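Take a look at the structure below.
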Amino acid sequence: ENAIREDTCLVTVMFANNEIGTVQPIKEIGALCRSKGIPFHTDAVQAAGHMAIDVNDMNIDMMSISGHKFHAPKGIGVLYAKRNMPLFNLIEGGAQERGKRAGTENVAGIMAMAAALKESCEHMDENNAKIIPMRDKLFA
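Going by the UniProt record's numbering, the first residue of the sequence shown is number 1, and it counts up by one from there.
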């Protein structure tokens, strides 16, 4: 909260750390940003498919995820942006990506990522039941 200044135009926070597994209080940070009218982005690359994420409940305006972290092909990812979030075009041209990025969409990669995320989410509890005891052993 003390890091937010009068000229702060965006807050971005890593959801879960890839090195030591620290999970940030995303819902609380999102609520703080929302109360101050500051857009909130989270890098959820390590969390997607492994933890429950509700962009509405967590006050997330924008979120980045990468498919290879939940067994989708490398090179495919998502930038979720809440409707009406003011974003500049990355590449001017066609109407792909809702007019935000020109170029041919990687439909096969998108479909593979959707299938991998669905699979990962459907088995999240089962996977965590195996992984959490291993993590706890490492820290014991």
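Ideal Cβ placement from N, Cα and C applies to all residues, glycine included. These numbers were taken from a predicted model, which means no experiment stands behind them.
Specify, as a first and last residue, the run of the alpha helix (DSSP H) that residue 107 falls within. 107-122
Residue range of the unbroken alpha helix (DSSP H) whose run includes residue 30: 26-36
With a threshold of 16 other CB atoms inside 10 Å of the CB of residue 42, please say whether the residue is buried or exposed. buried
Does the segment 60-70 come close enough to the segment 116-130 to have 3 or more Cβ pairs within less than 8 Å? yes
Pull up the distance between the alpha-carbon of residue 34 and that of residue 124, whole angstroms please. 29 Å
Determine, using beta-carbon pairs with one atom in the segment 44-58 and one in the segment 86-96, whether at least three such pairs fall under 8 Å. no
Out of 16, 17, 21, 7, which one is the CA nearest neighbour of residue 139? 21
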